[in-house]
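What follows is a set of notes on a single structure, which appears directly below.
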Amino acid sequence: GRVARDGAPVFVSVIGRLSALRDGIKFVLPSESGERHGFLDRIAEEGAYTQELADEHADGEGWAECHFFRADELEADLEAAGFDVETLVGLEGPASNLGGELADASPEAREEVAKVVETLREDRAVVDFSEHILAVCRS
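In this note's numbering, the protein residues as written are 2 to 140.
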């Protein structure tokens, strides 16, 4: 179906796969029982967090089925759907998953981090590693 008039801007935001893996590693490392091990490789390969995977390796709290994207994959999917991708942006960039640390930082430190994020936000490696990837497209 149509999402916008021809030529209109379309914005798509997704969760980056590498950031999701980084979060997953945080949960796997403290697990002494090993009950959560076994899902990282599947997410790395496929990006799909499925009900089956959640049933096998998670407690079911706070998660829904979803797909974690790599930058190239997102761009290819959007182009295959007929969109012209103008840019991909790593929204948090090198500050991904540092919300707690940034909340405790001085205003000057947060401003410096914001400048770095702005400077690097369209660098393809930064996009791929960011927690959230924003695609700016035209229909």
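Every residue, glycine too, gets a C-beta built ideally from N, C-alpha and C.
Leaving out five residues on either side along the sequence, give the residues of the same chain with a beta carbon under 6 Å from the beta carbon of residue i.
i, result
"C67", "Y50"
"Q52", "E66"
"G39", "H58"
"R122", "V90, G91, G94"
Look at residue i and residue j and say whether their C-beta atoms are less than 8 Å apart.
i, j, result
"F70", "V118", "no"
"A72", "D124", "no"
"L103", "V90", "no"
"L79", "A136", "yes"
"L22", "I44", "yes"
"G8", "S107", "no"
According to DSSP, residue i sits in a beta bridge with which residue or residues?
i, result
"D85", "R139"
"H58", "H58 pairs with nothing; no bridge assigned."
"I16", "H133"
"A49", "H68"
"G91", "I134"
"P10", "R139"
By a C-beta neighbour count over all protein chains shown, 10 Å radius and 16 as the cutoff for buried, is residue i buried or exposed?
i, result
"L99", "exposed"
"F84", "buried"
"G101", "exposed"
"A96", "buried"
My understanding is that residue i touches residue j, with C-beta atoms under 8 Å, so please give their C-beta distance in whole angstroms.
i, j, result
"E132", "G17", "6 Å"
"L75", "I134", "6 Å"
"A5", "V13", "In fact, because the Cβ distance is near 11 Å, the residues do not count as touching under 8 Å."
Leaving out five residues before and five after residue i in sequence, what residues of the same chain have Cβ atoms less than 8 Å from its Cβ?
i, result
"G25", "F40, L41, I44"
"V127", "G91, G94, P95, L121"
"C138", "P10, V11, F12, V13, L79, F84, D85, V86, E87"
Only counting the same chain, and skipping five residues up and downstream in sequence, which positions put a Cβ closer than 7 Å to that of residue i?
i, result
"R111", "L103"
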